[in-house]
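Protein chains in written order, with our numbering: chain A, 54 to 333; chain B, 379 to 753.
Yeah, the Cβ is synthetic: ideal placement off N, Cα and C, and Gly gets one too.
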């Protein structure tokens, strides 16, 4: 009897499977949503893609799992490396996948400035709410009151709202979804890879760590998905975000979608001005 | 032959452009900024990429990304930025990424004296990264050499898939001299794997760098700063994989010492007095050599152009006859450790250390040290 292959397998390196992730880890949901989007866009292989990641659990999604060129870089530096790749070869689709600690704490400056430049990158932030690979310490996204290895009496540092922050930059696309919104998340991947294929595109996926968040809460992955489904409220306009969050819910949706020229386009017109100036 | 009056910083930029540099990422810092200004002016109109990064961490990592995407990439900085770039340099070493990094030394530590020359980053250039590693370090002593060694640095980086440091200082950077520019510079491009079965991170002969698959050409290369096998797969547990990798990376530089080591010797073969120096201090040292020899002292000067890998045999041989060895440095003593290691046991080694305020070591101070008094 032959077993049909899972659709995602064509994007994966068979030889490194199974994945290194904990059983029930939501990284699989993120991967499947991205791969499904790619499949629906008719992307057969990833030879024009470069995946760049830093250090953390979600940074292991591309390297070495995805069958594509990938750079597993230093902690926090993925966005900077990705910027160099994109500028040196603008033909490539450059995708950064990383965690909240990697992209927002140690790599926060690079994230902010890539968004300011509207750098032509897709950045996927898998927000698992803790530092999971190093065994569950406080992250800049950890909710208040949450017990972690470094806040054993409950977190008192208010978390950062990354997607909301990036709305106020030059980023072209900002979206947030929970792992419970699989189809909407897939839709965002499709948008960020086709309709809005230039400039800085940011997709946050709320994906609580199965080991250091969900298990600590005494819940199963299924229960957590159900809880997230109830907690997520899709907003149609960014003015609704504050209201949703005041009610203790998670605002999800496409917060920003523009088609401004990205950095590469702006640099090209700058360079042509430079050539004209030098000919005078 | 084109001759131009250039500062050391401008000469570095001209050398980089002659070598085909087409990507520069940097962050403003004194006294290296003129290199960045030059590249900001030239690269956009020559079809290259220039970007002012948000910090030095970003700059070096952008250079790494660009290099993997096929660019000839460089950055330039000074002490505080060089400190920040050590992290990225370690990654470039581990992933065998060709790049050139220019460190225009100023007085440190910390912010120190931003506009004043120093040579205090010598050991940082050698040992600044954690873990076992070695990268070539070249030290120019004039704008001409800044031009030539920058070209050389690109050639080494491409051939050995390694970061290369050009260790300049504020005197060279802002000194202006006539530089002979080359008509044509040919630097062979890095070798691509013949097919995907040729490992991009392994080589049977450690002196030869593995081929480098550029991104976007269907090689599906796996690049990681973690310990990896010859195909790039992470292996963070086994002794064999780690030892084989770091040994090869260090041997790649160390065993190419004959090819990489450049030096200059002036004066008497059977010298009683030897001066060992590098960089801008060599200018005073050369005058000191003339002064000593005019007084009838048999003296020589050994100027290291390549600081690392150090050719122990050459240094030992050149210092064999010397009873007195003077080591003038614009720091509190760094090169002297290698001199102590390699000199005859009965030789008298005298340090001349002076740093700060942009005051050079004067030839008279070197002469005085050679003839008797120690500072």
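- The alpha-carbon separation between residue 663 of chain B and residue 465 of chain B amounts to approximately 34 Å.
- Every alpha helix (DSSP H) of 4 residues or more that sits fully in the stretch 170-257 of chain A is shown, in chain order, as 215-220 and 235-243.
- With a cut-off of 8 Å on Cβ pairs, the stretch 149-167 of chain A is in contact with the stretch 122-131 of chain A, counting three or more such pairs.
- For residue 634 of chain B, the secondary structure class from DSSP, reduced to helix, strand or coil, is coil.
- DSSP places residue 528 of chain B inside the alpha helix (DSSP H), whose first and last residues are 521-538.
- Residue environment analysis places residue 332 of chain A among the exposed positions, since fewer than 16 neighbouring C-beta atoms fall within 10 angstroms of its C-beta.
- Per the coordinates, the alpha-carbon of residue 531 of chain B lies some 31 Å from the alpha-carbon of residue 121 of chain A.
- Taking a cut-off of 8 Å on C-beta distances, the stretch 299-314 of chain A does not touch the stretch 512-521 of chain B, as fewer than three cross pairs fall below it.
- Ranked by how close their Cα comes to the Cα of residue 597 of chain B, the residues B:564, B:604, B:584 and B:577 have B:577 in first place.
- In terms of beta-carbon proximity, residue 136 of chain A lines the interface with chain B, with at least one pair separated by less than 8 Å.
- Contact between residue 709 of chain B and residue 498 of chain B is confirmed by a C-beta separation of about 4 Å, below the 8 Å threshold.
- Taking a beta-carbon distance threshold of 8 Å, residue 194 of chain A does not count as an interface residue toward chain B.
- Per DSSP, residue 293 of chain A is not a residue of any alpha helix (DSSP H), being assigned neither H nor E.
- Residue 125 of chain A: member of the beta strand (DSSP E) spanning 122-125, first to last residue.
- Look at the beta carbons and you see the stretch 313-320 of chain A not touching the stretch 264-284 of chain A: under three pairs across the two are nearer than 8 Å.
- At least one C-beta of chain A is nearer than 8 Å to the C-beta of residue 465 of chain B.
- Take the alpha-carbon of residue 118 of chain A and the one of residue 487 of chain B: they are about 43 Å apart.
- The beta carbon of residue 694 of chain B lies closer than 7 Å to those of 720 in the same chain, with the five residues before and after it left out.
- In this structure the stretch 474-481 of chain B lies against the stretch 445-464 of chain B, because at least three pairs of beta carbons, one per stretch, are closer than 8 Å.
- Taken in chain order, the members of the stretch 412-424 of chain B whose beta-carbon sits within less than 7 Å of a beta-carbon on chain A are 422 and 423.
- According to DSSP, residue pairing for residue 146 of chain A in a beta bridge involves A:102.
- The beta carbon of residue 422 of chain B lies closer than 8 Å to those of 428 in the same chain, with the five residues before and after it left out.
- In its chain, beyond the 5 residues on either side, 148, 245 and 254 have a beta carbon closer than 6 Å to the beta carbon of residue 175 of chain A.
- Within the stretch 486-507 of chain B, no residue places its CB atom closer than 9 Å to a CB of chain A.
- The beta carbon of residue 233 of chain A lies closer than 7 Å to those of 278, 281, 282 and 285 in the same chain, with the five residues before and after it left out.
- Only exposed fits residue 430 of chain B, as fewer than 16 other CB atoms lie within 10 angstroms of its CB.
- With fewer than 16 other CB atoms across the displayed protein chains lying within 10 angstroms of its CB, residue 197 of chain A is exposed.
- Between the alpha carbons of residue 747 of chain B and residue 704 of chain B lies a distance of about 7 Å.
- Taking residue 543 of chain B as reference, the option from B:623, B:579, B:565 and B:505 with the minimal CA-CA separation is B:505.
- CA-to-CA, the gap between residue 682 of chain B and residue 592 of chain B works out to about 35 Å.
- The DSSP-derived three-state label of residue 620 of chain B is helix.
- A straight-line Cα-Cα distance of about 13 Å links residue 392 of chain B and residue 551 of chain B.
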